[in-house]
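Colleague: Anchor point for the sequence shown: position 5 equals 494 in this note's numbering, and the numbering is continuous, going up by one each time.
From the three backbone atoms N, C-alpha and C, an ideal C-beta is built for every residue, glycine too.
Keep in mind the model is a prediction, meaning the values are calculated, not measured.
Can you keep this structure in mind? I'll have questions shortly.
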Amino acid sequence: MSYTGVHAWCGPCTVKAHRNLPFHKVQRWNGTHYQPMSLMELGFLWHIGHGGYMTGEEPPNHRPSWFQTTNVHTDGILSHEVSVCSCPGSDASDWHLDLLRQRLFPASISKPKAAFTFDVLDHFLIDALECKTSALSFYQKLKRFSNHAFPERVQLSTIFQLLG
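Dropping the structure here:
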């Protein structure tokens, strides 16, 4: 985790506090210990564009166009539900451009299911150039960040299926 101090919030407050921090890892107290969980499990919907807010131009009870994506970040591999701008005049087929504006490199231009943060791409470049780290070794490191105790539970095949 990349913050200091004690932050014990209810689910909705956690989602609100992480509006522009989608890669933070959160934990929930289960009565005996803190258990890792994803922001998506708390109902987090990442609004791309408009500073993390819905635009306010949608009619009441409108759910913006959204999709689920797997994001590879320096802290590991995370799943998010992402909504894109649905303002009048916006083009829903420009999802890949919306992701690029958020410093996410989509694995595909049409209907991206996975994206890599520019930070993780920079880390991979430095690791490859300076440490001669292979792509597989770098991925193993990301799996360890994703699940310290059981990195084998982060399936290698899953990410490659998303890329294909």
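How many angstroms separate the CA atom of V655 from the CA atom of H513?
Modeller: In this structure the chain extends from 490 to 653, so residue 655 is not present and cannot be described.
Colleague: So that I know if they touch, is there some Cβ in chain D lying closer than 7 Å to that of K600?
Modeller: The question asks about chain D, but that chain is absent: this structure has only one protein chain.
Colleague: Give a yes or no on whether the C-beta atoms belonging to I537 and D616 are separated by under 7 Å.
Modeller: no
Colleague: Mark W584 as exposed unless 16 or more other C-beta atoms lie within 10 angstroms of its C-beta, in which case mark it buried.
Modeller: buried
Colleague: Spatial neighbours of K632 within its chain, please: C-beta separation below 6 Å, excluding the five flanking residues on both sides.
Modeller: Correct list, in chain order: P640 and V643.
Colleague: Opposite F605 in the DSSP bridges: which residues?
Modeller: V561 and F594
Colleague: Should S623 be labelled buried (16 or more other beta-carbon atoms within 10 Å of its own) or exposed?
Modeller: By the neighbour-count rule (16 or more Cβ atoms within 10 Å), S623 is not buried but exposed.
Colleague: Have a look at C620 and G520 and give me their C-alpha separation to the nearest angstrom.
Modeller: 42 Å
Colleague: Apart from the five residues just before and just after K657, which ones in its own chain have a Cβ nearer than 7 Å to its Cβ?
Modeller: As shown, the chain starts at 490 and ends at 653. That puts residue 657 outside it, with no answer to give.
Colleague: Classify P501: buried if its beta carbon has 16 or more other beta carbons within 10 angstroms, exposed otherwise.
Modeller: Exposed, by the Cβ-count rule.
Colleague: Determine, using beta carbons only, whether Q591 and E570 come nearer to each other than 7 Å.
Modeller: no
Colleague: Go to L531, then tell me how far its alpha helix (DSSP H) extends in each direction, as first and last residue.
Modeller: Counting along the chain, L531 falls outside any alpha helix (DSSP H), and DSSP gives it neither H nor E.
Colleague: For P549, which residues of its own chain have a beta-carbon under 8 Å away from its beta-carbon, when the five flanking residues on both sides are left out?
Modeller: Only weak support is given to the placement of P549: the predicted model assigns it a pLDDT of 49, under 50, and the question is left unresolved by the model.
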